[in-house]
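In case it helps, the working numbering puts the sequence shown at residues 1 to 108.
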Amino acid sequence: MLLSLLISLSHAADADAGKATYDVLCSTCHGATGGGDGVAGASLTPKPADFTDAAFWAERTDEGITKLIVEGGMANGKSPLMPPFGASLDAAKTADVVAYLRTFKPAE
Ligand code: HEC
1 MLLSLLISLS HAADADAGKA TYDVLCSTCH GATGGGDGVA GASLTPKPAD
51 FTDAAFWAER TDEGITKLIV EGGMANGKSP LMPPFGASLD AAKTADVVAY
101 LRTFKPAE
């Protein structure tokens, strides 16, 4: 019983696990608090997406965001400065990162 609960939990998207990935792979560009203001992102044009902006979330779905993280910006009509992460993140890790990005979304 407990074991099956643990297994099902381990498959749910985990924002805390996503934070660990984000802090290593994404924060340099997107900023530690998701504002699109990381040290490496400051000089980029276009700027890395600001995940604290309600307008960003209004126009996007989890599917679209997931696809972009896997394939990168260029494959999706966005800037090639947004790298593809399909080779370094498996589906579970990608879902965890998306769950973490959602924690930056402003309350409505
Ligand atoms: C080298 C800098 C860089 C890194 C590292 C980076 N990004 Fe980005 N990201 C960008 C830039 C630049 C854009 C803006 C692309 C555009 O608007 O054309 C972007 C855009 C995005 C978007 C929004 C795309 C949209 O729908 O407009 C998402 C989601 C995203 N990044 C997620 C991530 C995640 C998750 C990671 C880490 C796994 C990451 N990024 C790492 C530079 C980066």
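We put the beta carbon where it would ideally sit given N, CA and C, even for glycine.
The beta-carbon separation of residue 29 and residue 46, rounded to 11 Å, does not stay under the 8 Å limit for a contact. Excluding residues up to 5 positions away in sequence, 28, 29, 30, 31, 47 and 48 lie with their Cβ nearer than 8 Å to the Cβ of residue 41 in the same chain. In this structure, residue 21 has its CB closer than 7 Å to one or more heavy atoms of the ligand HEC. With respect to residue 14, residue 96 sits close: the two C-beta atoms are nearer than 8 Å. In the structure shown, residue 85 falls within a coil segment according to DSSP collapsed to helix, strand and coil. In the structure shown, residue 71 falls within a helical segment according to DSSP collapsed to helix, strand and coil.
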